[in-house]
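Below is one structure, written out as structure tokens; comments come after it.
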Amino acid sequence: MIVVELRKMFRRPRTWATIAVLNALPILVAVLLLLTDLAPRPGEGPPFLSAVLSNGALYPLAALAIVLPLFLPIAVAVVAGDSIAGEAQAGTLRYLLARPVGRTRLLVAKLVAVLAFVLVTVLIVALVGYVVGTTLFHAQPLGSTAVGGTSVSGTALTPQDIADRTMMAIGYVAVSMLGVAAFALFFSTLTDSPLGATMGALAVLVASSLLFTLDAASPIAPYLPTRYWLAFVDLFRDPIQWRDLTRGLALQGVYVGVLLAAAWANFTTKDVTS
Amino acid sequence: MSAVISTRGLVKQYGRLRAVDGIDLDVQAGDVYGFLGANGSGKTTTVRMLLGLVLPTSGEIDLLGERMPRAGRRVLPRVGALIEGPAHYGHLSGRENLSLLDAAGRGGSWRTRRRRVDEALDQVGLGGVGRRPVKAYSLGMRQRLGLAGALLRRPELLVLDEPTNGLDPQGISEVRELLLELHRTGTTVFLSSHLLAEVEQLCSRVGVLDRGRLVLQDELATLTAPTGSTVVYTPTPDRVRGTLDGRVASIDGERVIVRGSDPAEVNALLVGAGIPVTGLALDRPTLEEVVLAAAGTSPDRVEARP
Chain G
1 MIVVELRKMF RRPRTWATIA VLNALPILVA VLLLLTDLAP RPGEGPPFLS AVLSNGALYP
61 LAALAIVLPL FLPIAVAVVA GDSIAGEAQA GTLRYLLARP VGRTRLLVAK LVAVLAFVLV
121 TVLIVALVGY VVGTTLFHAQ PLGSTAVGGT SVSGTALTPQ DIADRTMMAI GYVAVSMLGV
181 AAFALFFSTL TDSPLGATMG ALAVLVASSL LFTLDAASPI APYLPTRYWL AFVDLFRDPI
241 QWRDLTRGLA LQGVYVGVLL AAAWANFTTK DVTS
Chain U
1 MSAVISTRGL VKQYGRLRAV DGIDLDVQAG DVYGFLGANG SGKTTTVRML LGLVLPTSGE
61 IDLLGERMPR AGRRVLPRVG ALIEGPAHYG HLSGRENLSL LDAAGRGGSW RTRRRRVDEA
121 LDQVGLGGVG RRPVKAYSLG MRQRLGLAGA LLRRPELLVL DEPTNGLDPQ GISEVRELLL
181 ELHRTGTTVF LSSHLLAEVE QLCSRVGVLD RGRLVLQDEL ATLTAPTGST VVYTPTPDRV
241 RGTLDGRVAS IDGERVIVRG SDPAEVNALL VGAGIPVTGL ALDRPTLEEV VLAAAGTSPD
301 RVEARP
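Chains as they are written, first to last, in the numbering used here: chain G, 1 to 274; chain U, 1 to 306.
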């Protein structure tokens with residue numbers, strides 16, 4: 001069933017169109033940077049963007065930071081929101097369940113497919129970022145012992161360090177997106193409209209981002225799903241500041257666990273009338 | 001004979017509405033069962049409950065001898081279904097759609113998949129359809145593809161909801177032939193429809209649903225058994241009344257109903273009297289008359305079962 005879901009997802013033109021669009025913005029930013037040579041000053045604009053002119057190998061991180069606030073969550077919410085509700089709207093859900101495919105199995109397969117989408121998307125954004133960064137900007141080759149770049153704290157990092165930490169950052173972003181996916185998947189079991197499920201998940205994220213900026217909401221700020229999204233920047237401090245990272249992982253873990261349990265409870269007892 | 005579908009006191013309640021109100025279906029192996037009812041009478045909800053898509057509020061369902069929805073994993077691979085019209089992934093070809101559906105569940109070995117998909121497509125007349133995506137199919141082709149999906153695992157029971165919807169007259173006739181052929185090779189067919197003519201031509205047994213209740217369930221032959229009268233067509237109906245005084249039940253234009261279950265005897269009397277007879281037949285109620293009489297009358301008539 002998992003193979004079937006993966007085949008369905010990656011044979012779908014929309015999946016690749018989404019990934020292509022996601023990559024367009026970082027590429028555009030890179031080209032603009034190259035043409036104008038006007039990097040934002042350190043501490044302004046998307047993280048890492050100020051550093052890429054001196055080291056293109058950091059561009060994968062800049063690319064992730066560019067798509068993380070809005071584009072990546074939208075893409076994940078679209079795919080995850082479509083997972084059950086899309087089948088319901090197309091009418092294929094009833095045929096799958098009458099085939100029969102166990103409801104729990106279907107939900108797990110959908111979850112794995114969404115997870116695969118998140119990973120593939122994040123990896124492709126990072127990879128395209130790396131290719132763009134190293135071709136357009138000056139870069140230190142991986143594996144050399146030379147100083148690869150400077151950490152956010154100002155100390156030197158070897159290219160090996162940067163590569164390791166970039167992989168960790170990719171993983172962290174993927175986990176953050178899993179939280180988005182869990183919201184969208186849960187809403188997807190509630191409604192027969194994929195658009196509704198996607199919008200529901202995005203509404204949660206917009207509300208969370210908005211509350212985060214509000215001082216009055218500070219008591220609940222640590223529990224907002226988007227609170228620790230940008231904590232992957234802390235991976236590039238020297239030494240790594242784990243506090244927000246571990247909190248971010250734990251928070252996403254709780255959201256994912258609770259929402260998937262709710263999705264399962266709802267979907268397995270639901271009348272399929274679509 | 002063994003029960004293929006058997007429900008006892010099946011109820012589905014949506015809020016204050018009882019969509020299905022205590023029905024006792026009884027479909028035996030080898031039946032072609034026509035499940036009739038107006039739109040909104042609860043046919044589709046019943047079909048969905050049989051297949052485990054909708055969970056009953058109360059009552060029991062046995063499908064192929066096992067309790068649903070609990071035994072769905074074992075039973076449903078032996079059932080082929082077409083539920084409320086076909087549904088496919090529009091961007092994939094028909095063959096790809098069938099292959100994915102087959103791969104999605106148990107009871108379909110991948111070794112034989114390609115052959116079974118080809119056979120199912122041949123059976124419904126889509127063998128040469130090629131790689132065209134389903135979104136480019138006509139409604140009739142989609143309906144055929146849906147039917148092919150139901151036939152994929154050579155089911156013992158076919159549950160079909162309006163299978164000829166969207167087909168042209170040739171297509172309807174082809175599907176009818178296909179279903180009869182499958183029935184000859186041992187498939188039990190449960191056909192849900194509001195097309196009386198379709199059911200009358202295909203089915204051996206009929207159940208009629210009215211506002212969630214099963215008001216009628218019997219052999220088609222019993223329901224449309226001769227009434228004991230003879231129908232006479234004649235250009236001179238008034239002379240029939242004169243000749244067979246007291247035996248004429250009704251006159252409707254050139255159609256005269258005469259009491260007496262032997263058309264030959266009636267014919268002899270009329271011809272003897274010099275009355276031209278243009279047509280002669282045993283009087284049988286049509287399925288339409290039976291259904292209309294059972295459904296949509298007063299509640300006590302509705303409760304009565306033949």
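All C-beta atoms in this analysis are idealised placements derived from N, C-alpha and C, irrespective of residue type, glycine included.
Keep in mind that this is a model prediction, so the values were computed, not measured.
Proximal residues of chain U, C-beta to C-beta of residue i below 9 angstroms
| i | result |
| --- | --- |
| G:A20 | Per Cβ cutoff of 9 angstroms: no residues; G:A20 is ~17 angstroms from chain U at best. |
| G:M167 | None at all; the shortest Cβ gap to chain U is about 34 angstroms. |
| G:M1 | A103, A104 and G105 |
Of the listed residues the options, nearest to residue i (C-alpha basis)
| i | options | result |
| --- | --- | --- |
| U:N5 | U:I257, U:V256, U:F35 and U:D118 | A small correction: the amino acid at residue 5 of chain U is Ile; Asn does not occupy that position in the sequence shown. It is U:F35 whose Cα lies nearest to the Cα of U:I5. |
| U:L280 | U:N267, U:L287 and U:V290 | U:N267 |
| G:A51 | G:Y95, G:G86, G:A156 and G:N23 | G:A156 |
| U:Q217 | U:S109, U:T243, U:G130 and U:G37 | U:G37 |
| U:D31 | U:V117, U:A264, U:A3 and U:G149 | U:A3 |
| U:D62 | U:L25, U:R144, U:G253 and U:N97 | U:L25 |
| U:L147 | U:W110, U:P133, U:V117 and U:G130 | U:V117 |
| G:T158 | G:F236, G:V128, G:V108 and G:A77 | G:F236 |
| G:A182 | G:L53, G:W242 and G:V78 | G:V78 |
| G:R11 | U:K135, U:E96, U:Q170 and U:G127 | U:E96 |
| G:R276 | G:G253, G:Y228 and G:Y255 | Nothing can be reported for residue 276 of chain G, as the shown portion of chain G is limited to 1 through 274. |
Interface partners of residue i on chain G, CB under 7 angstroms
| i | result |
| --- | --- |
| U:L147 | What U:L147 touches in chain G: nothing, since even the nearest Cβ is about 12 angstroms away. |
| U:G105 | R99, P100 and V101 |
Under 9 angstroms between C-beta atoms of residue i and residue j
| i | j | result |
| --- | --- | --- |
| U:G260 | U:T230 | yes |
| U:L10 | G:A98 | no |
| U:L157 | U:T187 | yes |
| G:D234 | G:L245 | yes |
| G:P225 | G:V180 | yes |
| G:A80 | G:T198 | yes |
| U:A104 | G:M1 | yes |
| U:H183 | U:E162 | no |
| U:L287 | U:T224 | yes |
| U:K12 | U:G40 | no |
| U:P73 | G:G257 | Checking the sequence, you will find Arg at residue 73 of chain U rather than Pro. No; because the gap between Cβ atoms is not below 9 angstroms, this pair is not in contact. |
| U:A249 | U:V258 | yes |
| G:S209 | G:P69 | yes |
| U:V20 | U:P56 | yes |
| G:P40 | G:A63 | no |
| U:Q123 | U:L178 | yes |
| G:F48 | G:L61 | yes |
| G:V272 | U:L101 | no |
| G:T121 | G:I19 | yes |
Under 9 angstroms by beta carbon: chain G residues contacting residue i
| i | result |
| --- | --- |
| U:G72 | L97, A98, P100 and G102 |
| U:L76 | L97, A98, R99 and P100 |
Residue i, DSSP secondary structure in three states
| i | result |
| --- | --- |
| G:S144 | With a pLDDT of 44 at G:S144, under the threshold of 50, the modelled position of this residue cannot be trusted; read the value that follows with caution. DSSP places G:S144 in coil when its eight states are reduced to three. |
| U:A304 | For U:A304, the predicted structure reports a pLDDT of 48, less than 50, and the residue's modelled location is therefore unreliable. The matter cannot be settled from this model. |
| G:D234 | helix |
| U:G15 | coil |
| U:P285 | coil |
| U:V277 | coil |
| U:G207 | strand |
| U:T243 | helix |
| G:Q160 | helix |
| U:G272 | helix |
| U:P133 | strand |
| U:G37 | strand |
| G:R11 | coil |
| G:Q241 | coil |
| U:T112 | coil |
Residues that residue i contacts on chain U, provided the C-beta gap is smaller than 8 angstroms
| i | result |
| --- | --- |
| G:D271 | R48, L53, V54 and L55 |
| G:T92 | A87, H88 and Y89 |
| G:K8 | Y89 and L100 |
Per-residue contacts from residue i into chain U (C-beta, under 7 angstroms)
| i | result |
| --- | --- |
| G:P13 | H91 |
| G:V4 | L100, A103 and A104 |
Under 8 angstroms by beta carbon: chain G residues contacting residue i
| i | result |
| --- | --- |
| U:I83 | R94, Y95 and A98 |
Check: residue i C-beta below 8 angstroms from any heavy atom of the ligand MG
| i | result |
| --- | --- |
| G:Q89 | The model depicted lacks the ligand MG and carries no ligand whatsoever. |
Subject >> Any alpha helix (DSSP H) of 4 or more consecutive residues that is wholly inside the region 141 to 202 of chain U >> reply: 169 to 184 and 196 to 202
Subject >> Every unbroken alpha helix (DSSP H) inside the region 68 to 97 of chain U [4 residues or more] >> reply: 72 to 75
Original post:
Can you list, in chain order, the stretches of the alpha helix (DSSP H) that have 4 or more residues and sit fully within the region 38 to 112 of chain G?
Top reply: 59 to 67, 71 to 90 and 92 to 98
Original post:
Which residues, in chain order, does the region 171 to 189 of chain G contribute to contact with chain A at a C-beta distance below 7 angstroms?
Top reply: Judged by its chain identifiers, the structure shown contains no chain A, and its protein chains are G and U.
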